[in-house]
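Q: Attaching a single structure in structure tokens format; questions to follow.
Numbering (my numbering), first residue to last: 13 to 726.
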């Protein structure tokens with residue numbers, strides 16, 4: 013009797029469950045169809061320059077658009093692979109250049125928002141999609157049939173009737189396939205694919221962990237007295253930030269991405285300085301869900317395994333094949349000319365600062381969290397330069413419009429018009445349209461300049477839309493910074509370091525705006541890592557150029573141009589503390605290289621142990637001078653594109669100082685000189701050999717002497 017009751021009951025439950033499941037699937041299908049039908053990523057934006065329409069874009073649009081974009085790209089690639097005609101430049105490489113536009117459209121916005129305005133949806137989707145995107149790349153660059161087509165074109169390159177840029181595109185693709193593993197055996201290709209997928213997921217995980225770790229490690233204090241030494245506007249901003257988080261009556265100082273924090277320059281309370289410094293260096297080493305140590309160790313291990321698969325001794329050797337430097341040995345040769353001078357200078361600076369500590373009646377040995385505080389006192393004593401005295405002359409909007417934009421006008425003839433009709437993703441973001449001297453259009457520029465808790469640290473540039481004559485697109489470019497946002501009734505006043513950051517990032521933007529290429533893969537900033545920082549660092553030089561400085565450095569209350577005596581103090585102090593600054597940069601550079609020259613069987617130990625050994629082995633260890641980024645928050649190399657490439661900032665600084673020396677030798681800031689630099693450097697993209705490009709402009713090989721002189725090391 014029991015069975016006759018149970019079976020119908022089970023059957024009815026099953027049928028009910030099936031109906032509910034079917035209903036749920038239909039609802040999900042309907043929802044997906046609705047999302048896709050009005051998905052703004054499925055068609056080109058009708059806004060000027062195909063700029064993303066943020067009024068229409070919603071979080072739920074990203075996943076289906078990315079998945080649809082991947083499928084479309086796969087289909088396009090398969091059509092190229094399965095084309096039975098003889099492989100030609102047009103039906104293979106040009107076809108590859110045209111493919112994937114739906115995916116590019118959504119991914120450029122997704123990558124931007126997942127770094128600059130992220131949330132749980134983006135972070136989860138980033139980790140989910142990273143291995144799928146890596147698999148898509150493998151489908152292209154590890155595809156035997158496609159590589160055979162590329163090889164066939166490359167083999168007859170000299171006989172093809174192609175212009176110089178088209179020939180460069182053939183070489184570019186051949187190198188990309190080779191360096192991705194196209195010549196590997198099938199079993200090794202499968203191993204590479206597996207490693208690529210895991211690596212992509214881990215890099216996304218590292219970034220997401222780091223954003224949360226940095227947010228959670230903010231310094232919170234109970235009283236204004238503990239923040240003594242900070243400006244009134246900084247304290248008011250700290251109170252507002254705490255209040256927004258429900259911490260009424262408290263004060264919060266958010267962390268920047270670097271080891272040293274801006275507040276350490278002014279905080280008088282030594283215990284608070286130590287606490288802030290410790291929060292910074294331990295932000296991602298708390299043993300919690302946001303601890304990055306095991307993630308980064310696995311990333312380094314995977315890269316070593318990949319290099320071994322490719323037949324290279326280590327990841328750095330593999331990664332530098334298509335860079336200016338070519339080999340890790342060439343990088344170390346450059347660093348070897350800098351590190352001894354930098355550390356010797358830093359030791360002299362440490363002794364001088366310790367003497368100041370002793371003179372002040374304090375009884376302690378100089379520690380890392382003391383350095384910036386006492387260095388600032390020493391700077392005031394030696395050069396009578398007070399950062400708070402110069403900040404009123406560096407109001408953010410004036411620096412941007414009357415400084416950065418003005419310099420671009422004088423050098424390159426550009427003019428700027430703010431567009432308030434272009435929708436943005438956040439209320440603080442400003443949009444400008446850029447015009448040539450003759451009135452023709454260049455592109456759109458987005459400026460997202462204030463720090464937010466859901467924004468990654470640092471500053472960067474990238475494109476929403478890239479330049480390409482093939483695709484008939486002009487650049488839509490953004491700069492992201494992390495300046496402290498003042499309270500409502502205060503102006504945004506910048507330190508001189510912040511001023512340099514604005515000029516630097518817009519240097520990247522100029523590199524992108526002046527792109528003049530047929531093919532997107534060779535356009536604008538799509539260049540080697542040890543070349544891409546050259547235009548940005550070069551643009552920093554105009555911040556102190558007299559005619560530029562006098563146009564933007566005006567007191568925000570009185571309109572008074574910055575006095576000559578203050579300018580002289582800034583210039584005189586320009587080599588102050590450079591031993592420290594370069595040593596912390598060299599320490600980070602060596603950490604990057606040491607992680608990426610590991611063999612697959614290397615014993616790493618803990619992250620702290622590895623760092624200490626690596627820095628001592630490369631003669632850049634100083635107890636009071638920690639790396640600019642420690643491994644656990646070194647986004648550049650574990651979550652960004654600078655693995656085995658952080659040296660690029662130093663390599664390109666040498667190029668920058670030498671190029672600026674050419675300007676000084678040839679009349680300085682003139683429209684003619686700007687045009688020459690634009691045509692020979694900024695507009696060439698990845699169409700020429702970088703060493704030849706620089707030599708043609710400078711008239712000689714890069715010379716390190718201007719760099720050493722500029723940094724006060726010689």
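Here a beta-carbon is modelled for each residue, glycine too, at the ideal position from N, C-alpha and C.
The structure presented is a predicted model; accordingly, all values stated were derived computationally and were not measured.
Expressed to the nearest angstrom, what Euclidean distance is found between the alpha-carbon atoms of residue 536 and residue 464?
A: Working through the chain shown from its first residue, we reach residue 536 at position 524. Working through the chain shown from its first residue, we reach residue 464 at position 452. The alpha-carbon atoms of residue 536 and residue 464 are separated by roughly 29 Å.
Q: Going along the chain, which residues of its own chain have a beta-carbon closer than 6 Å to the beta-carbon of residue 497, five neighbours each way excluded?
A: Here the question's residue 497 lines up with position 485 in the chain shown. 462, listed in sequence order.
Q: Just to confirm, are residue 99 and residue 161 a CB contact at a threshold of 8 Å?
A: For this step, residue 99 is matched to residue 87 along the chain shown. For this step, residue 161 is matched to residue 149 along the chain shown. Cβ distance < 8 Å, so residue 99 and residue 161 count as in contact.
Q: Who are the Cβ neighbours of residue 330 in its own chain at under 7 Å, not counting the five residues just before and after it?
A: Here residue 330 is taken as the residue at index 318 of the chain shown, counted from 1. Once the five neighbours on either side are set aside, the close Cβ partners of residue 330 are 319, 322, 324.
Q: So, for residue 272: in the same chain, excluding its five sequence neighbours on each side, which residues have a beta-carbon less than 7 Å away from its beta-carbon?
A: Position 260 of the chain shown holds residue 272. If we look at residue 272 and ignore the five residues flanking it on each side, its Cβ neighbours are 384.
Q: Sorted by chain position, which residues of the same chain lie with C-beta nearer than 7 Å to residue 295's C-beta, five sequence neighbours on each side aside?
A: Translated into the one-based positions of the chain shown, residue 295 becomes position 283. Cβ within range, chain order: 225, 226, 229, 267, 645.
Q: What does the alpha-carbon distance come out to for the pair residue 115 and residue 148?
A: By one-based count along the chain shown, residue 115 stands at place 103. By one-based count along the chain shown, residue 148 stands at place 136. Residue 115 and residue 148: Cα-Cα distance of roughly 11 Å.
Q: If we ignore side chains and look at the alpha-carbon of each, how far apart do residue 444 and residue 427 end up?
A: Position 432 of the chain shown, counted from the first residue, corresponds to residue 444. Position 415 of the chain shown, counted from the first residue, corresponds to residue 427. Approximately 10 Å, taken between the alpha carbons.
Q: Could you round the C-beta distance between residue 532 and residue 478 to whole angstroms and report it? I think they count as a contact, below 8 Å.
A: As a first step, residue 532 must be located in the chain shown, where it is residue number 520. As a first step, residue 478 must be located in the chain shown, where it is residue number 466. That belief holds up - the Cβ atoms of residue 532 and residue 478 are roughly 5 Å apart, short of 8 Å.
Q: Assuming residue 118 and residue 159 make a contact with CB atoms under 8 Å, what is their CB distance in whole Å?
A: Residue 118 sits at position 106 when you count from the first residue of the chain shown. Residue 159 sits at position 147 when you count from the first residue of the chain shown. At roughly 27 Å, the Cβ-Cβ gap does not stay under 8 Å, so residue 118 and residue 159 are not in contact.
Q: Whose C-beta lies closer than 6 Å to the C-beta of residue 602 among residues of the same chain, with five residues either side of it excluded?
A: Position 590 of the chain shown, counted from the start, is the residue given in the question as residue 602. The beta carbon of residue 602 sits closer than 6 Å to those of 630, 632, all from its chain and outside the five residues before and after it, given in chain order.
Q: Opposite residue 455 in the DSSP bridges: which residues?
A: For this step, residue 455 is matched to residue 443 along the chain shown. Note: residue 455 sits in a beta bridge opposite 446.
Q: For residue 658, which three-state DSSP category applies?
A: Numbered from its first residue, the chain shown carries residue 658 at position 646. Three-state DSSP puts residue 658 in coil, outside helix and strand.
Q: Between which residues of its own chain and residue 122 is the CB-CB distance below 6 Å, once the five residues before and five after are set aside?
A: To locate residue 122, count along the chain shown from 1; it is residue 110. For residue 122, where only same-chain residues beyond five positions count, the Cβ hits under 6 Å are 74.
Q: For the 8 Å Cβ check, are there 3 or more pairs between the stretch 215-223 and the stretch 128-139?
A: yes
Q: CB residue 215 to CB residue 650, shorter than 8 Å?
A: Here residue 215 corresponds to residue number 203 of the chain shown, with the count starting at 1. Here residue 650 corresponds to residue number 638 of the chain shown, with the count starting at 1. Contact flag set, yes.
Q: Distance check for residue 316 and residue 93, CA to CA, integer angstroms please.
A: For the purposes of this step, residue 93 is taken as the residue at position 81 of the chain shown. For the purposes of this step, residue 316 is taken as the residue at position 304 of the chain shown. Roughly 31 Å between the two C-alpha positions.
Q: Following the continuous alpha helix (DSSP H) through residue 134, name the residue where it begins and the one where it ends.
A: Residue mapping note: residue 134 aligns to position 122 of the chain shown, counting from 1. Segment 132-153, the alpha helix (DSSP H) holding residue 134.
Q: In this structure, how does DSSP classify residue 231 when only helix, strand and coil are distinguished?
A: Your numbering for residue 231 matches position 219 in the chain shown. The answer is strand: DSSP assigns residue 231 an E or B state.
Q: Looking only at its chain, what residues have a beta carbon closer than 7 Å to the beta carbon of residue 579, apart from the 5 residues adjacent to it on each side?
A: As a first step, residue 579 must be located in the chain shown, where it is residue number 567. Setting aside the 5 residues that flank it on each side, residue 579 is surrounded in the same chain by 561, each with a C-beta closer than 7 Å to its C-beta; the list follows chain order.
Q: Using a Cβ-Cβ cut-off of 8 Å (strictly less than) and excluding sequence neighbours within five positions of residue 541, which residues of its own chain qualify?
A: Looking up residue 541 in the chain shown gives position 529. Correct list, in chain order: 335, 653, 654, 657, 660.
Q: Near residue 722, which residues of its chain fall below 7 Å by C-beta distance, leaving aside the five closest residues on each side in sequence?
A: Taking the first residue of the chain shown as 1, we reach residue 722 at position 710. Closer than 7 Å at Cβ, skipping near neighbours: 669.
Q: In chain order, what residues of the same chain have a beta carbon less than 6 Å from the beta carbon of residue 405, not counting five sequence neighbours either side?
A: By 1-based counting over the chain shown, the position of residue 405 is 393. These residues qualify, in order along the chain: 565, 567, 574.
Q: Answer yes if the stretch 377-395 comes into contact with the stretch 547-559, meaning at least three C-beta pairs across the two stretches below 8 Å, and no otherwise.
A: no
Q: Expressed to the nearest angstrom, what Euclidean distance is found between the alpha-carbon atoms of residue 516 and residue 96?
A: Translated into the one-based positions of the chain shown, residue 516 becomes position 504. Translated into the one-based positions of the chain shown, residue 96 becomes position 84. Whole-angstrom Cα-Cα distance: 49 Å.
Q: Counting pairs of Cβ atoms below 8 Å between the stretch 350-367 and the stretch 583-598, do you hit three or more?
A: yes
Q: So, under 8 Å CB-CB, residue 471 and residue 492 are touching, yes? Tell me the CB distance rounded to an integer number of Å.
A: Along the chain shown, read from residue 1 onward, the residue named residue 471 stands at position 459. Along the chain shown, read from residue 1 onward, the residue named residue 492 stands at position 480. The C-beta distance from residue 471 to residue 492 rounds to 6 Å, short enough to meet the 8 Å contact threshold.
Q: Applying the criterion that 16 or more other CB atoms from any shown protein chain within 10 Å of the CB defines a buried residue, is residue 706 buried or exposed?
A: Here residue 706 refers to the residue found at position 694 when the chain shown is read from its first residue. Buried.
Q: Hey, how far is the Cα of residue 412 from the Cα of residue 514?
A: As a first step, residue 412 is located in the chain shown; it is residue number 400 there, counting from the start. As a first step, residue 514 is located in the chain shown; it is residue number 502 there, counting from the start. Approximately 7 Å between the Cα atoms of the pair.
Q: Name the DSSP bridge partner or partners of residue 472?
A: Within the chain shown, the letter at position 460 stands for residue 472. Answer is 492.
Q: Consult DSSP for residue 604 and reduce its assignment to one of helix, strand or coil.
A: As a working mapping, residue 604 is identified with position 592 in the chain shown. Reduced to three states, the DSSP call for residue 604 is helix.
Q: For residue 666 and residue 104, what's the separation of their Cα atoms in angstroms?
A: Here residue 666 refers to the residue found at position 654 when the chain shown is read from its first residue. Here residue 104 refers to the residue found at position 92 when the chain shown is read from its first residue. If you take the alpha carbons of residue 666 and residue 104, they lie about 39 Å apart.
Q: Rank 213, 724, 327, 232 by C-alpha distance to the C-alpha of residue 608 and give the top, closest one.
A: What you label residue 608 is simply residue 596 of the chain shown in a count that begins at 1. Cα-wise, what sits closest to residue 608 is 327.
Q: Looking only at its chain, what residues have a beta carbon closer than 7 Å to the beta carbon of residue 18, apart from the 5 residues adjacent to it on each side?
A: Position 6 of the chain shown holds residue 18. Because residue 18 sits at a pLDDT of 37, beneath the cut-off of 50, its placement in the model cannot be relied upon, and the following sentence gives the value as read from the coordinates. Here the set comprises nothing.
Q: Taking 8 Å as the cut-off, decide whether the C-beta atoms of residue 275 and residue 288 are in contact.
A: Stepping through the chain shown from its first residue, residue 275 is reached at position 263. Stepping through the chain shown from its first residue, residue 288 is reached at position 276. Going by beta carbons, residue 275 and residue 288 fall inside the 8 Å limit.
Q: Secondary structure at residue 78, three-state DSSP: helix, strand or coil?
A: Mapped onto the chain shown, residue 78 falls at position 66. The answer is helix: DSSP assigns residue 78 an H, G or I state.
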